[in-house]
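Okay, structure first, notes after.
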Amino acid sequence: MNKTKTICFTNNKGGSGKSTTCSNIGAAMARAGKKVLIIDGDMQLNLSLAFFSEDWVLEQAAGDKNLYHAIREQKDLADYIVHTDYENLDLIPSSTLMSSIEYELFTKWQREFILKKCLQNIKDSGVYDYILIDAPPTLGGWVMNILCASDQVVVPVEASPWGMFGLANMFDFLNEVKQIAPELKVAGIAVTKVDTRKNYFKQTMETLHELEEIYVFDSFIRVDSSVEWAQDNSAPVVEYKKSSRSAKEYTALAEEVMRRVSR
Numbered sequence: 504m505n506k507t508k509t510i511c512f513t514n515n516k517g518g519s520g521k522s523t524t525c526s527n528i529g530a531a532m533a534r535a536g537k538k539v540l541i542i543d544g545d546m547q548l549n550l551s552l553a554f555f556s557e558d559w560v561l562e563q564a565a566g567d568k569n570l571y572h573a574i575r576e577q578k579d580l581a582d583y584i585v586h587t588d589y590e591n592l593d594l595i596p597s598s599t600l601m602s603s604i605e606y607e608l609f610t611k612w613q614r615e616f617i618l619k620k621c622l623q624n625i626k627d628s629g630v631y632d633y634i635l636i637d638a639p640p641t642l643g644g645w646v647m648n649i650l651c652a653s654d655q656v657v658v659p660v661e662a663s664p665w666g667m668f669g670l671a672n673m674f675d676f677l678n679e680v681k682q683i684a685p686e687l688k689v690a691g692i693a694v695t696k697v698d699t700r701k702n703y704f705k706q707t708m709e710t711l712h713e714l715e716e717i718y719v720f721d722s723f724i725r726v727d728s729s730v731e732w733a734q735d736n737s738a739p740v741v742e743y744k745k746s747s748r749s750a751k752e753y754t755a756l757a758e759e760v761m762r763r764v765s766r
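For the sequence shown, this note's numbering begins at 504 and goes up steadily by one.
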């Protein structure tokens, strides 16, 4: 039986490319023959929109078969899985009501571990090689839940003048979470939205490589209009335009992530 690896994609700064990175790494893993479950943990629904039409996503968000209702009622998440159009790739959709999940969790017993508990049967079944969770751009009880349910963390960082803003807070928060989830590991930082012609790309890489004991993935993601076209068509770019530069970069990043988390 496979040992399922759970990987969370998180950064408390918005616009870091979290959802795009999560969706494309998941799709690339599935293309490589891995069985993948992706979980949309953000009220913005971007991960769900990467695979389904806006009408479908909003219908799911308004119903009761989404992550919000599962967490609120502490249900087995296996009952909330939907299949995407891509082989080996399934999704648990989100809801705009996730904006109030912090309040829902506040009075719960062992509230930091509710998502882990809801995921336990899926992990124990060994059906999936990887579970990927897209976290919202915040630091709080819900993100702590996601981290406590994860084995590894990937932190996408935008190569821009403000891309590094708040990163120290992110790692301070991760260290706090490790007090109650000591087995949690940081797989590494994935650099996104790169323009190699700009000086701040070099500055970003130099600064990141100075961080102690934090791995920076060799594969980075450059700015590519193919990503926006793919998003407009509710598809990951690794499926929408396989020959594009960004599709190849996400595929290389997915391979690197799989190597890192299997160590």
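The C-beta atom is built at its ideal place from N, Cα and C for all residues, glycine as well.
Nearest to residue i (by Cα), restricted to the options the options
i    : options                : result
Q623 : A690, L580, K611       : L580
S526 : L711, A690, D698, A638 : A638
P640 : Y589, T513, T707       : T513
D654 : D593, V760, K516, G518 : V760
D721 : R762, I584, K568       : R762
V748 : P739, L618, S765, R725 : The residue you asked about is not Val; residue 748 is Arg in the sequence shown. It is R725 whose Cα lies nearest to the Cα of R748.
A755 : I692, K506, I528, D698 : I528
E742 : T509, I510, N515, A530 : A530
G520 : Y589, L608, L594, S663 : S663
E758 : D727, A690, K744, H586 : A690
F723 : T523, I510, C511, T509 : T523
G518 : Y718, V697, S729       : V697
E789 : R766, V764, S765, S729 : Coverage of the chain is limited to positions 504 through 766, which leaves residue 789 absent and any answer about it impossible.
S628 : E576, K538, K701, C511 : K538
Y631 : S603, R766, H586       : H586
K681 : I649, D567, N702       : I649
L642 : E679, K705, V560       : E679
I571 : E562, T599, R700       : One point to set straight first is that residue 571 is Tyr, not Ile, in the sequence displayed. Nearest of E562, T599, R700 to Y571, Cα basis: T599.
As assigned by DSSP and simplified to three states, the class of residue i
i    : result
Y718 : coil
A638 : coil
K626 : helix
Y631 : coil
E686 : coil
I528 : helix
A693 : strand
D543 : strand
K508 : strand
E759 : helix
Q656 : The residue asked about is misnamed: residue 656 is Val in this sequence, not Gln. DSSP places V656 in strand when its eight states are reduced to three.
R725 : strand
E679 : helix
E731 : helix
E557 : helix
E713 : coil
Check whether residue i and residue j have beta carbons under 9 Å apart
i    : j    : result
F668 : M647 : no
N591 : A533 : yes
L548 : Y633 : no
D651 : F674 : The identity of residue 651 in the sequence shown is Cys, whereas the question assumes Asp. Contact: no.
A771 : A750 : Nothing can be reported for residue 771: it is not among the residues displayed for the chain, which extend from 504 to 766.
S597 : A565 : no
T507 : I625 : yes
M601 : D545 : yes
Y589 : N569 : no
G666 : E605 : no
I683 : C621 : no
T468 : E661 : Examination of residue 468 is not possible in this model, given that the chain is present from 504 through 766 alone.
P659 : I636 : no
L687 : V656 : yes
S551 : L594 : yes
I542 : V764 : no
D727 : V719 : no
* Could you tell me which uninterrupted beta strand (DSSP E) segments, each at least 3 residues in length, are contained entirely in the stretch 563–608, listed from first to last along the chain? => DSSP runs (the beta strand (DSSP E)) wholly in the stretch 563–608: 592–595.
* Three or more C-beta pairs below 8 Å linking the stretch 708–724 and the stretch 733–743 -> no
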